[in-house]
Every structure is written in C-alpha cells, then in structure tokens.
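Protein chains: 2
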Amino acid sequence: MAVYQATVSAPVNIACIKYWGKRDTKLILPTNSSLSVTLDQDNLKSTTTSRADPSFDRDRLWLNGHEEEIKDGGRTATCIAEMKRLRREVEEKDPKQPKLSSYPVHICSHNNFPTAAGLASSASGFAALVASLAFLYALPASPSALSLIARQGSGSACRSLFGGFVAWEMGTRADGSDSLAVQVAPREHWPDLHALICVVSDAKKGVASTSGMQRTVETSALLQHRIRTVVPERMAAITEAIHARDFPTFAKITMADSNQFHAVALDTEPPIFYLNDVSRAIIALVVELNRASVAAGGTIKAAYTYDAGPNAVIYAPAANMREIVELIVGYFPQTEKFNDVFGLFSADKPLSGNNLPAGFNPAVSKKFEEGAVKGLIHTRVGDGPRALSSDEALLGADGLPKMVA
Amino acid sequence: MAVYQATVSAPVNIACIKYWGKRDTKLILPTNSSLSVTLDQDNLKSTTTSRADPSFDRDRLWLNGHEEEIKDGGRTATCIAEMKRLRREVEEKDPKQPKLSSYPVHICSHNNFPTAAGLASSASGFAALVASLAFLYALPASPSALSLIARQGSGSACRSLFGGFVAWEMGTRADGSDSLAVQVAPREHWPDLHALICVVSDAKKGVASTSGMQRTVETSALLQHRIRTVVPERMAAITEAIHARDFPTFAKITMADSNQFHAVALDTEPPIFYLNDVSRAIIALVVELNRASVAAGGTIKAAYTYDAGPNAVIYAPAANMREIVELIVGYFPQTEKFNDVFGLFSADKPLSGNNLPAGFNPAVSKKFEEGAVKGLIHTRVGDGPRALSSDEALLGADGLPKMVA
C-alpha cells in the first residue's frame, strides 16, 4: 500500500520593514506591507513531515515532540482545511488522483533552534506545515499562492515560503486574496548579506505580539501615519536598495523601521516595551560602530533590527562579521564558545573580545555581566522551503512521531 | 545710597503635554504647544537675587555658588538684555526713574533640589532670573509678557512664571511675540493634585534635550503627525479635564503624551532612549495600579510622566498618595527615610513597603535592589514666582554672593 508522506524544512525570516497591526484578525490581513530577509536553513529551520492515510481517525499534530490540539476554527485547522481544498481541486480535475483530500493527516514538526533562543517559530513552523502539505498533495500552487494560506496560520509565515528578500504585500481586497508574499530578490542576488542573532535574556515576559499589535491599532495615534505614509515610501526605497545591493541604504531603512515599530508600540495604551537595557546597549554599539566608520571615511557597517522581544538581529556584509562578533563579545562576555560556522576565527586569529574597531568610543556602553546576551548565532540570507528525503521524515512507519520527548 | 535689589523664588514645572522640537532655535519657538503643572516651591525652587549698581563693572552671574560666564549672544545675555530693554521703556516714560537699565547687574541663583535629584533646573532657574529682574526693575509686565523673555532662556522656563496649570502656546508669528505662557487654572482651582518624583539612577548619561529634540525634528517621520494632529487635540482635551478637575481624563492624556514623546525620541536617527528598565518597571506598576482599581469598579488612581531622563513623576489626587508611596517603596527599597512632608505615615500607620493595593498582580515587576530608585520627593501643585524679603537675599552688602561654595 502506498505511503503518502512528505517532509520539508522551512526557514525563519526577520523583517526589515515590520508587520505590526491587522486590518482583519480572522484572515490575518495586515495594516501595512512588510519585507524580510529569509535566514539560512543550514542554521535555523522548522522541519515538518505530513502524512495522509485513510486509516488515521483524525488530523493530528505534534510540535517538538508534544501533541498539540488542533482546535476547530483555529489557525492550524484553517491551514489544513485550505490545503485539503486545493488538493480537492486537483482531484476534481484529474479523477485518477488518489483522494488524499479525504484522508486525515498526521503532521509532525520540529524546530532546530537552540534552547531558549527566543526566536519566534510560528513563521517557519506554519511555512513548513503548508509546504509539506503542498508536497504531499503534489499541488501545482506557486509559493505566492501557498503564502495566502500560510498567512492565515501566522502572518509573517507567508514570507518564509521564499528564500532571499521577500515582501508581504498587504493587498486591498476584503477576502485577502491579494495579501501575499512575493520574492523581491533571491538569495543568489545578494548572498553576501550575513546576520548575527544576539539572544538577549529578559526577566519579564513581553506582551504577545498578537494582542499587542491590535492594542496599537486601537490606541496609537502615530500608527495611522506610519501605515499611510511612512511604510509605502520605505517599501519602495528598501526594494531599490536590495536590487542595487546598497547596504548603507538597506541598513538605514532597516534600523529606522525597527525604531519606528518600537515607537508605535510605546505609543500604545498601555505602552508596550520589547527593548530592555541590553537591547538599548546593542543599539548604542551598532550606532557607534557606524559613526566611527563613517567618520573615518567609510560606510555604515551594520544594521540592527528587533522584533517583538529584546533579541537583536544584526545584518551586515560578510566581511564585517568578524569585527561585529568581536565587538559584541567584548561588551557581552559569553558563557559558551562562539559557534563559528563561517570560520571567522582560527588559532592564529582567535576571538578575543578585546578588539574594538578603530576610532570607536568605548564609553557608549558599559560592559555587561556574563549571560546578558545568552548566545550568538551567525547566519546569512538563505533559500526557501526545501523538500527533504524520506530518510529525514519525522513520522515512523506507524504514522506516529519517531521520537517523543 | 539706594540699593536696587530684588530676591524671588520660582518653581519647577513638569509637562503633561510635552515640548519636544523647535521651529526656531534662536528664539526658542516650539513646534507644538505644551502644558504643565507647576510644582510647589515649598519643596523645589530656584531662588535668585538680582542687583543693579553703577559701581559694578559688568554683568555677573553665580549659580549654586560658582560664577558662570555670561556669553555674548548666549541665552542668559539675551534674557538680561531683554529685561534691560523693558526697564528702559519704563525710564523713557518716566524720566524721574533711576537709570537702572544702564547699570550692570549681579545675579546670584541657588537651587534647593536634593543632590543628584536629576531634575532640570533650567526652567525654574530662568524663571527666577527673569522674575527677579522684573521686581528689581519694577516692571509693569504681566507674567505672560515676562514668559516671552524666559522662553528665550530655556523654552520650558516660560511655564514657570505661573502657578497652577500652565499652557505654553506655540504661537504662529516668526518673531515669537505670541509664543508665550498662559495660566489654564490657578493652583487654588485644583489644589488636590499631588506629585511623587521618583529619582531613578542611570548609569548612562542620556542625550541632552537641546540637541536631541532637533534630531527628532530633522529625522522623525512620526513627529510631524504628532505636531499637526495629536497635540492640538490633546491640548484642548486636557484643558477641559483640568477645568473639570477630571483626574482620570487628565491622567490618560498625561500618560499617553509621555509615551508619545518617548516614541518620537525612539523614532529619531539614531534613536534616543530616556527610559531605562527601572522607568519601565514604574510604568508597569502604575498601569497595574490603575487596572486593578478600574477592575474593582474604581477609577484611574495615578498618572506617570517622564521628561528627557529616567525619573518618573507620578501625579495623583492627594488621597491616593499613601498607597502610591507604599507601592513604589515595596518594589524599590529606599536607603533613606521617606521625607513625609504631608504626614501620610505615622507611628500608628507606618510606611511598610509591604502593602500592595487590593487586586494588584505583584508579578508585573520584579523587586529591585536598593538604589534603583535613589529617592522620592512628595510635592503638589504650587504657585508662581514669589517675591522674597531682603533677609533672604543671596547677595551681601558688597554685591557679591553671601556664600561661595
């Protein structure tokens, strides 16, 4: 008997133009377009196996080894139902196709993120879920078409269906049929763009982004101006910067938009804070790194950006990463050895944490205690969802997870 | 021989609608109107003695016991020149008046703020300077007329020429002749409004407000919307709330405008942060205090506001102050005994720091170490500049400061 099963991995994405606010909370239609960089799955990914089998008694889902309830009308149920609907269209056009749309599915998903990395897994998770079902169902759908469905799982998931540089166009239709992801440029266009994720410890759990963004929509007087005027201009300008591989412009817009996202969060009633004193210090270091470089006749070297939490993501050309890692480690001593996946350091040129960039004013931040930045992850722009071989399936022959935590 | 000398004290003011941005940096004309509460001089004040004497060889100024240079074309020189000009008008109308406008002046000023209170003294200081010269020169000028001059010393100083609730109307004229302070209501209208100043320790010196606000004007995309739309609405609404002694509305607007001021500071390139983790925790406590009160069928109890630094000012009706002090001391243990000027606590009802408000969720903040909040100052709405007796003069018979540090 045939086994209908597919396994994929999908990437994380980190936005440069931030998504913050929905105009339709059920369909997950945003108040503004957004744009992100897809990060390399060699470092960070969600892996998902989906299997359709008439012997299954219901749809089931396992996340990181734990079974999760699929709530009726919930986001996961919506995505599965939409994917079955697309499969049904295939079956209706070609009656020879097996009736997979009528079979229950088992879905098993795993994130490889380091423990407590504090990275949102909903984007890569829903992208992997939708992509795995698309492979399972052999759908002819384009990534943009699939992004319409992933969007209903988690808004930013739609951007993880492409590699490279990805825009989520907000669209205008009430049914959301034009609110989808498009690729601005593939990774191969600008493979030199690297990223350093600084995992920041935070005593206080922040406001969940889902509820926080709607409070901003309801109470921020500034958000409307951002939506109407600022974001459309920035989307056009950063798209042009990406096409031109113009890092200084890309960096300026990325930092300005991170700041503005946190500004409208602060302009919310009651105010929402995601940046803490460690986040502020990392901003001060990047600002000073850039100031010193420009003062010496150079250009902007790095761009920080922060999502709905205290973790920094620092984008930079590959050639600058060694200096950036040295700088961060100098102010934030690490308990664990830096995972040097790109070979920045060697026995001859070790990571010392004592090398400040030329002209850098060390007084812009104090030196923090060990643990203030819990970990560093060096990665780069990456590709879109990958189909994996059956060797990598997360479901066993019995249709249940191979390993249960 | 006659001695021409006057001594005044002038109050601090803390804005509810924030001043942030100049449209003319020389005349100090703001990009938006603002509104403040004048604090009681019984607690915080600048005292200034001014003396005119033909035997003096030049204008001289002492601040807190140290002589300060009066720079040509600087803000102090501008204020003195403007005041002499007004005196000259008096002398021209009445030739019997002594020609004080031609005499050099000695000006001696002292702030009584607790050491390291972190309170800006420029507002009370320039108000005291202008008011003392107005008394010395026996000018017929109204406080609003004097505010035009104090404004050129330090923008927010214009609001310290009145007691109670004071608006600084931005005006529209290029010469600044309509950018002045007006009293919205005297202290006697709403004497019940109290304030608790929480002096917050900060390792990092923030960006000076003078340069910071112009960076915001130049780079913040959100500021223009604030200036054009938000502030005019809030000025009208908070004026109405003050007239109605409507604390909940006053509080909501005050907190929203503090948040928005810090939001546009964050929306600046590079971003400006004045709030630190301690400031954020105080906001969380006030938000939770209000939430618990409203949830129990009560009303908003307190309003936080932050100027260009980490210190909190908490406005509240007098009856709520005991609970607020208990709350703050509970999370921020004090090294010094609370200076209980209004007799909130007694041997029978001591300050314990262990009394949380009913229904209050203690998990909204961690408890901080001693020193995170360095001190607390309890004060209330106060009156405008006061003329003091010659017994309180800061200049001796020789026209020099009585005490030099």
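Going down the list, the protein sequences come from chains A and B.
Numbering (our numbering) for the first sequence: 1 to 405.
Numbering (our numbering) for the second sequence: 406 to 810.
Backbone N, C-alpha and C fix where the C-beta goes; we use that ideal spot for every residue, glycine too.
Under the Cβ distance rule, Leu627 (chain B) counts among the residues neighbouring chain A, one pair being separated by less than 7 Å.
Taken through DSSP and simplified to helix, strand or coil, Ala686 (chain B) comes out as helix.
For Thr335 (chain A), the three-state secondary structure derived from DSSP is coil.
The three-state reading of DSSP puts Phe135 (chain A) in helix, counting H, G and I together. The alpha carbon of Lys45 (chain A) has as its nearest neighbour, out of A:Thr78, A:Tyr4, A:Leu119, the alpha carbon of A:Leu119. Neighbourhood of Val287 (chain A) in chain B, by CB distance below 7 Å: Pro675, in chain order. Boundaries of the alpha helix (DSSP H) around His262 (chain A): 247-266. For Ser616 (chain B), the secondary structure class from DSSP, reduced to helix, strand or coil, is helix.
Judged by their CB atoms, Met618 (chain B) and Gly426 (chain B) are nearer to each other than the 7 Å cut-off. In the structure shown, Pro232 (chain A) adopts helical secondary structure according to DSSP, grouped into three states. DSSP places Gly558 (chain B) in the helix class (H, G or I) of the three-state scheme.
Chain-order list of chain A residues neighbouring Asp672 (chain B): Asn259, Gln260, Ala263, by C-beta distance under 7 Å. The Cβ-Cβ distance between Val200 (chain A) and Val373 (chain A) falls below 7 Å. DSSP, read as helix, strand or coil, puts Arg785 (chain B) in strand. The three-state reading of DSSP puts Thr239 (chain A) in helix, counting H, G and I together. In this structure, the CA atom of Arg386 (chain A) is about 44 Å from the CA atom of Ala686 (chain B). Contact between Lys706 (chain B) and Asn681 (chain B) fails: their C-beta atoms lie close to 24 Å from each other, not under 8 Å. According to the DSSP assignment, Lys427 (chain B) belongs to the beta strand (DSSP E) that extends over 427-429. Counting only Cβ-Cβ distances below 7 Å, Ala256 (chain A) has contacts in chain B at Glu674, in chain order. DSSP places Val90 (chain A) in the uninterrupted alpha helix (DSSP H) bounded by 75-93. A distance below 7 Å separates the beta carbons of Leu566 (chain B) and Ala532 (chain B). If you draw a straight line from the Cα of Val769 (chain B) to the Cα of Arg380 (chain A), it is about 37 Å long.
Trp467 (chain B) has B:Glu472, B:Cys513 as its beta-bridge partners, per DSSP. Proximity of chain B to His225 (chain A) at the Cβ level (cut-off 7 Å) is accounted for by Leu627, His630, in chain order. Annotation: Pro503 (chain B) to Glu496 (chain B) spans about 7 Å, alpha carbon to alpha carbon. Rounded to whole angstroms, the separation of the alpha carbons of His471 (chain B) and Thr454 (chain B) is 14 Å.
In the displayed model, Ser698 (chain B) falls within a helix according to three-state DSSP.
Minimum Cα-Cα distance from Tyr4 (chain A) among the listed residues A:Lys402, A:Gly396, A:Ile272 corresponds to A:Gly396.
With contacts defined as CB atoms closer than 7 Å, Thr249 (chain A) and Ala241 (chain A) qualify as a contacting pair. Less than 7 Å separates the beta-carbon of Ser33 (chain A) from that of Met235 (chain A). The DSSP-derived three-state label of Asn355 (chain A) is coil. In terms of CA proximity to Thr38 (chain A), A:Ala167 leads the group A:Glu369, A:Phe360, A:Ala167. The secondary-structure analysis by DSSP pairs Arg727 (chain B) with nothing; it has no beta-bridge partner. The continuous stretches of beta strand (DSSP E) do not include Glu775 (chain B), and DSSP gives it neither H nor E. Flagged as an interface residue toward chain A: Val635 (chain B), by a C-beta distance shorter than 7 Å.
When Cβ-Cβ separations below 7 Å define contact, Asn681 (chain B) makes contact with chain A.
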